[in-house]
Each structure stands twice: as structure tokens, then as C-alpha cells.
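Protein chains in written order, with the numbering used here: chain F, 467 to 581; chain R, 49 to 456; chain L, 13 to 305. Just so you know, even glycine gets a beta-carbon here, dropped at the ideal spot from N, CA and C.
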Amino acid sequence: MSQEHTSDVPPCDLEPASDAPRPKKVRGTVYITPNRCKGCGFCIAFCPPRVLEFSDEFNAQGYHPPRFTNPDGCTGCDLCGLYCPDFAIFGVILKYAPPAGRSAPAAESGERGAL
Amino acid sequence: MKADPVGVLTGTHFLDGDQACCEGALAAGCRFSAGYPITPSTEIVERFAYRVPLVGGMFIQMEDELASSIAIAGAVWAGARAFTVTSGPGFSLMMEHIGYAAMTETPLVIVDVQRGGPSTGLPTLPGQADMMQARWGSHGDYEIIALCPTSPQECFDLMIAAFNLSEQYRTPVLFMMDECVGHMTEKVVIPPADQIEIVPRRFTTAPPGSYKPFLPDPDGVPPIARAGDGHRFHITGLTHDEQGYPAMNVNAQQQLIHRLIGKIRDNAGKIARNEEHFLDDADVVVVAYGITARVALRAVQMAREQGVKAGLLRPVVVWPFPLARIRELAARPSLAGFVVPEMNCGQMVLEVERAVAGRAPVALLSHAGGTVHRPEDILAAILDSAAAGSARRSTGQVRPAPLAEVSR
Amino acid sequence: MSAFVNLDPAVNPVEQFLRSDRMPHIWCPGCGIGTTVNCFARALLQAKTDLNKVAVVSGIGCTGRVAGYVQFDSFHTTHGRAIPFATGLKLANPDLTVVVYSGDGDLIAIGGNHFIHAARRNVDLKIICLNNFTYGMTGGQVAPTTPVGAFATTTPYGCFEQPFNLPYLAESSGAVYVARWTSFHVRQLIHAMGEALRKKGFSFIEILSPCPTLYERRNRLGDGLDMMKYFKESSVVRHGASTREVGLTFQGPIVLGKFVDTDRPDFLTSMNQQLGRTLEAQYDGCGGDHVRS
Chain F
467 MSQEHTSDVP PCDLEPASDA PRPKKVRGTV YITPNRCKGC GFCIAFCPPR
517 VLEFSDEFNA QGYHPPRFTN PDGCTGCDLC GLYCPDFAIF GVILKYAPPA
567 GRSAPAAESG ERGAL
Chain R
49 MKADPVGVLT GTHFLDGDQA CCEGALAAGC RFSAGYPITP STEIVERFAY
99 RVPLVGGMFI QMEDELASSI AIAGAVWAGA RAFTVTSGPG FSLMMEHIGY
149 AAMTETPLVI VDVQRGGPST GLPTLPGQAD MMQARWGSHG DYEIIALCPT
199 SPQECFDLMI AAFNLSEQYR TPVLFMMDEC VGHMTEKVVI PPADQIEIVP
249 RRFTTAPPGS YKPFLPDPDG VPPIARAGDG HRFHITGLTH DEQGYPAMNV
299 NAQQQLIHRL IGKIRDNAGK IARNEEHFLD DADVVVVAYG ITARVALRAV
349 QMAREQGVKA GLLRPVVVWP FPLARIRELA ARPSLAGFVV PEMNCGQMVL
399 EVERAVAGRA PVALLSHAGG TVHRPEDILA AILDSAAAGS ARRSTGQVRP
449 APLAEVSR
Chain L
13 MSAFVNLDPA VNPVEQFLRS DRMPHIWCPG CGIGTTVNCF ARALLQAKTD
63 LNKVAVVSGI GCTGRVAGYV QFDSFHTTHG RAIPFATGLK LANPDLTVVV
113 YSGDGDLIAI GGNHFIHAAR RNVDLKIICL NNFTYGMTGG QVAPTTPVGA
163 FATTTPYGCF EQPFNLPYLA ESSGAVYVAR WTSFHVRQLI HAMGEALRKK
213 GFSFIEILSP CPTLYERRNR LGDGLDMMKY FKESSVVRHG ASTREVGLTF
263 QGPIVLGKFV DTDRPDFLTS MNQQLGRTLE AQYDGCGGDH VRS
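So, in C-alpha cells, the structure goes:
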């Protein structure tokens, strides 16, 4: 019942500040517990940015857990987590780490998931 | 621990069995009841509804006996002592929840003031025809403890014993009254609270998060908890493991059911309580319970006056039935036989026959219910038994060898 | 390099409410029960309820299994009798927040009598009634909510009995909070559950939910997602609608919303008021430590 992290941003890793302009979109990622998934498709159907799809892998029960089509499109809204009847997926908003010398924008305060 | 004085109506009273039963529950610390009216039990909860708000408790009349019998279980799991009352038709409705209480090991007391049956039967007249139902009424394998008072005084005293047994063994206990005892009015002496011994509920001492509702202590009885204390336990009527989680497999069933049954069966000797009269040299043993035992005692005395050595064995705890004592008596070489008067067409006599295992004649004096036996009728049966015994002795007839013993 | 980082990762916010050692649960793919449990967990988080005081009581059936999967003092009782069990629990310890979480067959068929009486008495219980129009656990038999014309194993030629209109039944029995949502309307459901948790009195939420394996399969309605689409497309929200008019038909229009939100004294309040009035100084209130041993 291990969880998989489905984004290319490594967890718990404070990246050095980038010189890129502050992005306007909120970014998020999802965590999946593959062996709980029963392939119902709710998360895929109800994801607002439509960034999930069935993967080709099988879990222990023979279902296809979801995976990202486009990880950068995930907003961390956690609607997937809210709908999932099997508690197999949930979303988190990623925190914006400001470049050195600039304060963090107030809007993105890294709250866990949208309730 | 001692009874809480606020619920003990110390003094000498003139009460009927129903009223005394209510006082017994209050003295035992019971402060919650959910019930449904049914003759001849209604007066118990009517009195309780009147008395208990004055001592900080409550009564709720539920919409039926199904609701009553499970509401008391809910109250127990919130930490209360609880009981309900009924008679035949309601007793039938409560069967599922007696099984649920046995399976979830919920301590509670259910009073059945027996009346003529079956079905609607004779609502205002006595019977004793629910005795086997008390033992076997719910589906599945389980053991039950049942007590049978013979007087209003016992309705008081034994209710306390019933609550104590339920807490000691974490099990439902049945209180098998009958309409005659319930509606007869006699002197009832209620002692001071500090003379009443109450078995406290065995609450768990496990820290929150580690409590297992069905993990037994060495004596086979698990400590209990109550909702709201942070234990976050789970209770189910499904076959379960020690944590209370459903475990629907053969091993779990074997373990659980054998423990539940053993909890009572293995302690039958400690739970047993009988009253004996003139048994030391008895040739004819009358086995009777409830109101019938009072008539039987009179018949035994009449027999003694005629020189027949009769005696009375009165089981006070009727389930588990005192098989061991019956076997002892059956083994007496001088024994002529057993006489079993009961207000039914033969229920506890089956237990007597089973214990006797063919070693002596067992005569049933049945009565379909509606009134108590007459002493003359029981006397006649005693005399017949004695006469038949003498006849066998005079012809040198050997007592029949025991049939195959039942192993328990 | 991305400027976005993760916080301390990886615990599902709902996990603390679950008995994780019992996952995965037995509900079918596409069943809506788990979704409602998600909503329940979030409602509890928002309401900041003391979780040690929450007691969940279920009956028998698929929804009845909720009690076994949530990390509260939880009771899996007998068929139809969750409400009277919950009544005893609540009256003996009024500090508990008692939630009855069960299905339409359990609560309304065999449990129907207890439902109407607890509503009449206004016992302070929160009833989460999951309506999947069938008896799921036992294989898809007809239920008192099965719409006319639908197939079920015990009505193999089509159901011809008028189903209950549950909000109407609840309101007319005296419930003080009555709402209907579906497994699709998750945000509104969280809000409604929160309101019910805060409400003092008999609160009833009917949640229409997919049963893909039985109700849907027998009626050729697709899978869980198809039912969710039906809920989404065929429902209108009409808060305050008259409950007389929110009955359901087979795959017909659905009226959702909060229909009833009134106030009247709950059972214990009425009892204490009445007994206080009648007994005056002799009555010291009830419940709490007096009742508990």
C-alpha cells in the first residue's frame, strides 16, 4: 500500500530560487495509493484541468490506477481526492518558494488541498 | 462496591413483584431503561419512569420491543446500566438483540414476566412457557444466564444479582419472572445501601488507541469501554477478532464462539444458585422454579407429614441449569424419582431428564398455564413416585443403568 | 527549475478518519459510499468537532459497513435498529455527537418505524441515509425507494410499488433538518453535513448514490460514472422546496437542496423542561454522570 508521488517535483526539496517570473497559476500534485484504486474513473472524469488518465500498469487487484497526462496542469484542487470512493488519491497544492530577496506572494500560502 | 444510597429505598415495604423488580434495578445502580408496555410487566417500567428521574436517570418508552432491547444496548455502550422488561410476545421480538448482546458481550438485564402463551395467549395469567426460549431463543450458539425469582422479595434481591452477573461476565442476563410473582404483594425488606454489594463495571485501563474490546482477561471476560473516552473502538455483531473487526473465517468463528460459550459454561459452578429443602434424605426430589416452587414446597411438606421423604430442589439460576446437582441426586441408590411440576407442557423437565440420563424416573406434572398448580396435585405425583419406587425395591428391581452421559 | 515545492508530503487529509488497517474496503468500483465518507471527514474537519466524542452507528448493508471503516467509537448494529441504538447511546451520554450512517433499506424499510419515531421525538441524531434505490449487500432486491418500473431481483418484472419520498417522510415525521444531495454534489454535501453536525435535533440527509453492480447493472444504467452523470445532469437545486414535490421517478428529474431547517426543542431539552416544570426542585436534570455507571 505504498504511496506514489506522481509529479516531477521531488518532495521536501527546497529548490534554489529561479530567475523566472513568478508564475500566475497555482500548481499542485497528487499522491496515489495504487493498491486501493478500483479503476472507477471518478478522479479522471472530475479533474477540472483534465490532467489524469488511466495508466497501463495493473495494481494488485488488476485495476489501472490513474496517472498524470500533464503534471504541470495539476492545480492541487483535490477534487480527485474528494471524489475518490477508495481513498486512493489526493491532491496537494505546491508551495511557491520565492527567489532570495523577494517575499512570498500572499496568494499562494501552500494550504493542503482545497476543501 | 456498595450500592449508591440514592437509588435504594431502604425499609420494609408491601410491594408486588413488579414493583420490587423496579426497586432492585434502582438499587443495582440502573439509571436507564427503554421499554414498551406489555401485560403483566408494564408496572415495572411505570414505577421506574416515576422513580428514576428523581435519582438522575431516565426512562423512555420506545415504539416497540425491538427498539427497547437495542436502545438499552446503546445506553450500556455510553456507560449506563440498563434494563428492559417484557412478556412473551415482546420477548419473542427481543430475541435478535439478546443474541446481539451475547455476541457483542454487552452487559444488560432483560426481564420477562411470563404469561400464558403461545402468541397473545393469556395476558393476565401466569405461565412458565418461555424457559427454553430463554436458553435457545436467539439464533446461533451462545450461552445465557437466567434467574427465576419465587417471591417479591426475590424480585428485589435477584435483580441485583442479575446486574452483578451481567457485569461480571459481560453478558446479557434474563430475569424470568411470571405473572403470579409479578402481581402478588408481599413484604419486601430493602436493606441499607451499604449492605448491598454491587459488582462494578470492569472498564479497561488500556490507554486510548490500544484498547481491544474483545481481548479477554485471564478469566475469559474482556474489559469494557464506553463511547466518548477516546478509545475509538469498533463493535459489530459479525464474527469478529479481538479488535472488534469483522473476521468472517472458520478460525475466528471457532475462537470467538468457544470463548463466548466457555465464559459461562466453564463458570457454571460459580454461577449456580439453588435453594434446597429436605433434600438430605429425600427419596423423591421435586424440581421446581418460580411460583411453582412455592406450591411444590407445600406439597413436599404435606408428603413429609404422610411419612414420605420428599425434598425440593429449586434452581434460582435456571440457566445454566444445575445439571451437576441433579446428577448427584440421581446417583443416590435410594432415590425413587424426580417430579417436575412446571407451568408449561414440559420444558425444564428436558434438562432434568438429560442430567438424570435414565438413572431414575422423571415425572412431569405439566400445566398449560393460566393458574398455578395445586399442592394436592404435586403431592399426588410425589406419592406416585414414592410408591413406584417402593414397588421396584420390593420386587428387587434394579434401578436402570444410566443411559449414555451427555458430556456436559 | 520549478519554483514550486512540496510541503511535508503524503498523508491523505482523510486518513486520520479511517481505519487504515482495514483498507481497501469492500465497496465496489464506482460505488458512491466512499465518496460520502470523504465528505463526512471533511465536514468534521471544518466543524472542528471533538473526534473523541463522535460515535458512528450503522445498520446492516453496504452503507452499514461505514461504521467499520471510520476511526471513531463505531457500532455495527442489527438490521434496521441503528436509530434506536443511537438513541440509547445519545440519551445516556448527551455529550456524544451521534451519527447514524446507513442505507435506504436498513433505515426506511425494516428501520422505518424507528426512523419516524426518532424524528417525531426530535432525538439529537444526524442521519446520513445513503439511497442507492436497492438492497445492495444481499444482491439487489427491491427497496422502499426503488422507483416504479425499475428492475430488482425480487421484482423481476419491474417494480410497481410507489416508493417513499424520503424528505417528505422525514419532514412529516418531525425532522428539523432535511436535505437531499448526491454523491456527485460533494461540496454541497460537505456543507450540509456540517450544518447537520451543528444542528441540535433530528437531522436527515438523503444522499443519492450509485450502485453500479446491482441497481445500475440490472437496469442497464451503465457504471458508477454514468450514474454520477445522471445526478449531475438531471438535478436542480431548489432550497426550501416543498418536500411533497421532491419525489423521484426512474431516471427522472431530481430536486436537491436543503428543504427543511427549523428549530424545536430536542428530546432531552423537552424532557428536562417538562420534568423540571413538574418536579421543580426535586428534579436535578438527567443524563451525564447520573446515568453512567
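Taking 8 Å as the CB threshold, Pro515/F stays off the interface with chain L. For Phe84/L, a Cβ of chain R is located within less than 8 Å of the residue's own Cβ. Looking at the DSSP output, His61/R bridges to Val236/R. Ranking Trp367/R, Ile339/R, Val364/R and Val410/R by CA distance to the CA of Asp226/R puts Ile339/R first.
Using a Cβ-Cβ cut-off of 8 Å, Phe80/R is close to Gly100, Leu103, Ala104 and Val303 of chain L, given in chain order. The residue among Phe262/R, Pro256/R, Pro294/R and Gly292/R with its C-alpha nearest the C-alpha of Gly276/R is Pro256/R.
Under a criterion of Cβ atoms nearer than 7 Å, the residues of chain L adjacent to Phe281/R are, in order, Asp85.
With a 10 Å radius around the Cβ and a threshold of 16 neighbouring Cβ atoms, Leu291/L comes out exposed. In this model, Asp273/L and Pro101/R are separated by some 31 Å (Cα to Cα). At a Cβ-Cβ threshold of 8 Å, Val365/R and Ala320/R count as neighbours.
With a minimum length of 4 residues, the unbroken runs of alpha helix (DSSP H) contained wholly in the segment 213-298 of chain R fall at 227-231.
Rounded to the nearest angstrom, the Cβ distance from Glu519/F to Thr535/F is 5 Å, consistent with a contact under 8 Å. For Asp112/R, the C-beta contacts it makes with chain L under 7 Å involve Asn125, in order along the chain.
Taking a cut-off of 8 Å for Cβ pairs, the segment 106-125 of chain L and the segment 51-69 of chain L touch, as three or more such pairs fall below it. Within chain R, the residues whose beta carbon sits less than 9 Å from that of Gly80/L are His282, Thr284, Leu286, Gly292, Tyr293 and Pro294, listed in sequence order. Using beta-carbon distances, Cys550/F counts as an interface residue toward chain L, with a partner under 8 Å. For the segment 238-271 of chain L, the set of positions with a beta-carbon nearer than 9 Å to some beta-carbon of chain F reads Met240 and Lys241 in chain order. Annotation for Glu257/L: no alpha helix (DSSP H) segment contains it, and DSSP assigns it neither H nor E.
Restricting attention to Ala428/R, Thr419/R and Met296/R, the CA atom closest to the CA of His231/R is found in Thr419/R. Any Cβ of chain F closer than 8 Å to the Cβ of Trp193/L would place that residue at the interface, and such an atom is absent. Taking the Cα of Ala119/R as reference, the smallest distance to any Cα among Pro155/R, Glu91/R and Tyr98/R is reached at Pro155/R. When the beta-carbon positions are compared, Ile140/L and Tyr113/L come within less than 8 Å of each other.
The beta carbon of Ile45/L sits closer than 8 Å to some beta carbon of chain F. Its chain contains Leu74, Ala75 and Val103 as the residues whose beta carbon lies nearer than 6 Å to that of Gly55/R, once the 5 sequence neighbours on both sides are disregarded; these appear in chain order.
According to the DSSP secondary-structure assignment, Trp193/L is paired through a beta bridge with Ile219/L. With respect to chain L, the C-beta atom of Ala51/R has no partner C-beta closer than 8 Å.
Here Thr168/R carries a coil assignment [DSSP, helix/strand/coil]. The Cβ neighbour count for Ala526/F, taken over all protein chains shown within 10 Å, is under 16; the residue is labelled exposed.
In this structure, Cys74/L and Ile120/L do not form a Cβ contact; the two beta carbons are roughly 15 Å apart against a cut-off of 8 Å. A Cβ-Cβ contact shorter than 8 Å links Ile246/R with Ala51/R.
For Val365/R, no alpha helix (DSSP H) segment is defined; the enclosing uninterrupted segment is the beta strand (DSSP E) at Val365 to Trp367. Leu108/L: not part of any beta strand (DSSP E); DSSP gives it neither H nor E. With a threshold of 8 Å between beta carbons, Thr90/L makes contact with chain R.
For the C-beta of Gly236/L, the chain F residues within less than 9 Å are, from N- to C-terminus, Cys506, Gly507, Phe508 and Pro551. According to DSSP, residue pairing for Cys141/L in a beta bridge involves Ser114/L and Glu218/L. Around the beta carbon of Asp189/R, fewer than 16 other beta carbons lie within 10 angstroms, which makes this residue exposed.
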